[in-house]
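Below: one structure, written as structure tokens.
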Amino acid sequence: MGLDYGTTVHRDRAAAPGSEGLRVTPRRSLRCLLSAAILVVAVAAAIFVDASRAEHWAPPPTVWIEATGHTADRLFLDAWRAQPAVIGEPISEEFRSRSGFVSQPETDRIVQYYRNVALAFLPEAPAGEQVQTLELGRLALDDRFQTHPAAALLRADEPSTCGSAAATCRDFADTEQTVRGPFLAFWEENDGGRWFGNPLTEAFRAPDGSMLQYFEKGALRVQSGQVAQPLPLGDQMAKVQGLDTRPIPQPDGVPVYDESLFVAPPEPEPVVEAVDPVAEIEEAAAGWEVDDLGPGPQQGAWKEIV
Numbered sequence: 042m043g044l045d046y047g048t049t050v051h052r053d054r055a056a057a058p059g060s061e062g063l064r065v066t067p068r069r070s071l072r073c074l075l076s077a078a079i080l081v082v083a084v085a086a087a088i089f090v091d092a093s094r095a096e097h098w099a100p101p102p103t104v105w106i107e108a109t110g111h112t113a114d115r116l117f118l119d120a121w122r123a124q125p126a127v128i129g130e131p132i133s134e135e136f137r138s139r140s141g142f143v144s145q146p147e148t149d150r151i152v153q154y155y156r157n158v159a160l161a162f163l164p165e166a167p168a169g170e171q172v173q174t175l176e177l178g179r180l181a182l183d184d185r186f187q188t189h190p191a192a193a194l195l196r197a198d199e200p201s202t203c204g205s206a207a208a209t210c211r212d213f214a215d216t217e218q219t220v221r222g223p224f225l226a227f228w229e230e231n232d233g234g235r236w237f238g239n240p241l242t243e244a245f246r247a248p249d250g251s252m253l254q255y256f257e258k259g260a261l262r263v264q265s266g267q268v269a270q271p272l273p274l275g276d277q278m279a280k281v282q283g284l285d286t287r288p289i290p291q292p293d294g295v296p297v298y299d300e301s302l303f304v305a306p307p308e309p310e311p312v313v314e315a316v317d318p319v320a321e322i323e324e325a326a327a328g329w330e331v332d333d334l335g336p337g338p339q340q341g342a343w344k345e346i347v
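Just so you know, we're using the working numbering here: the sequence shown kicks off at 42 and counts up by one.
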């Protein structure tokens with residue numbers, strides 16, 4: 042049969058063997074494309090449900106320590122958290138007082154007493170050095186010398202050097218005293234220069250049988266068979282000075298201390314925003330006609346006879 046010039050021959054697009062009656066329409070192709078696109082967008086649109094909370098998190102500036110019924114605030118709190126066993130729990134609130142430093146006897150300072158030491162705030166000091174310990178060891182030692190000191194303490198006050206025991210001993214030329222054995226181990230392991238200062242006496246046997254040594258800012262004690270531990274000199278000197286150490290109720294808005302308060306929340310898990318693919322497809326395809334879309338070029342779909 043001949044064909045007229047210029048006519049076109051349209052082949053059945055569903056003529057593949059075994060596909061009789063099945064027609065892949067342009068609308069169906071559009072739905073497939075839109076479904077794939079929506080799934081990609083949905084996965085890419087992950088949101089962080091707790092992003093705002095994590096971004097604005099900050100640890101509390103003040104906490105209330107239940108064991109003693111007192112608060113610790115800001116830089117004092119940082120110092121206490123860094124060395125809780127050395128400093129001990131707070132036994133007073135912050136107050137203004139004469140500094141307690143021999144070199145600055147008339148300077149008012151913000152002070153707070155803890156079990157083993159007393160902390161003072163020095164705003165003029167460099168960052169990282171603004172919290173220092175008062176010279177409670179010197180004050181306590183002066184008090185003992187004024188109240189009939191024992192012979193053992195008088196001997197411990199005499200100058201000393203390490204001599205042949207240098208391996209387990211350290212000389213302090215400024216105070217002409219030494220630190221030895223378990224006292225030296227504790228002093229070196231716990232930043233003793235900052236928290237306790239230099240030794241004021243040698244170690245001596247106290248009336249209760251323990252070994253005791255005074256430092257500028259505190260005192261250490263070694264009981265039979267044990268390692269050195271801080272003497273609760275803050276407690277002792279607070280009583281001597283008549284300080285108010287009564288517990289206070291937990292202040293409003295101040296949390297009870299727990300170390301978990303200072304742990305930042307974990308990064309939030311991504312959550313995929315829920316979408317309805319069918320509804321999205323129907324909305325996107327609404328108003329489109331098959332004839333408007335067309336299948337596009339298809340091999341063998343038309344042919345020109347020249």
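Heads up, the beta-carbon is just placed ideally off N, CA and C, and yes, glycines get one too. Nothing here was measured: the structure is a model prediction, and the numbers come from that model.
Per the coordinates, the alpha-carbon of Ala192 lies some 17 Å from the alpha-carbon of Ala181. In the DSSP assignment, Arg196 is bridged to no other residue. Beta bridge pairing from DSSP links Phe303 with no other residue. In terms of Cβ geometry, Ile132 and Ala279 form a close pair [threshold 8 Å].
In this structure, the alpha-carbon of Ile289 lies about 20 Å from that of Val158. Burial check for Arg139: the Cβ neighbour count within 10 Å stays below 16, so the residue is exposed. Closest option to Leu225, judged by alpha-carbon separation, among Arg262, Gly250, Glu134, Gly110: Arg262. In the DSSP annotation of this structure, the continuous segment of the alpha helix (DSSP H) that includes Trp228 starts and ends at 222-230.
When the Cα atoms are used, Gly222 and Gly275 turn out to be separated by approximately 24 Å. Annotated three-state conformation of Gln267 is coil, per DSSP. Of the candidates Val297, Leu284, Pro200, the residue whose Cα lies closest to the Cα of Glu135 is Leu284. Closest option to Val104, judged by alpha-carbon separation, among Ile128, Trp98, Thr112: Thr112. Within the segment 121-192, the runs of beta strand (DSSP E) that reach at least 3 residues and sit entirely inside it are, in chain order, 136-139, 149-154, 159-162, 172-174. For Thr216, the CB contacts under 7 Å within the same chain, skipping 5 residues up- and downstream, are Asn239, Pro240, Leu241 in chain order.
Beta-bridge partners of Thr103 (DSSP): Asp114. Counted as a single uninterrupted DSSP element, the alpha helix (DSSP H) harbouring Asp276 occupies residues 274-281.
Burial check for Gln254: the Cβ neighbour count within 10 Å reaches 16 or more, so the residue is buried. With respect to Trp228, Val127 sits apart: the two C-beta atoms are not nearer than 8 Å.
Scanning Gln218, Arg156, Met252, Ala208 for the CA closest to the CA of Leu175 turns up Arg156.
Assignment of Ala207 by DSSP, reduced to helix, strand and coil, places it in the helix class. Sequence-distant Cβ neighbours of Asp249 in its own chain, meaning closer than 6 Å and more than five residues away, do not exist here. For the options Gln153, Leu116, Pro101, the alpha carbon positioned closest to that of Thr286 is the one of Gln153.
Sequence-distant Cβ neighbours of Val268 in its own chain, meaning closer than 8 Å and more than five residues away, are Pro223, Ala226, Phe227. Leu302 counts as exposed, since fewer than 16 other beta carbons sit within 10 angstroms of its beta carbon.
In the DSSP assignment, Tyr298 falls outside any beta strand (DSSP E), carrying neither H nor E. Bounds of any beta strand (DSSP E) do not take in Gln291, whose DSSP letter is neither H nor E.
Closest in alpha carbon position to Ala120, among Phe162, Thr109, Asp149, Gly110, is Phe162. Pro101 and Val304 have their C-alpha atoms spaced approximately 11 Å apart. Residues Val104, Trp105, Ile106, Glu107, Ala113 of the same chain have their beta carbon placed closer than 8 Å to that of Tyr298, with the five preceding and five following residues left out of the count. For Leu160, the number of other beta carbons within 10 angstroms of its own is at least 16, and it is reported as buried.
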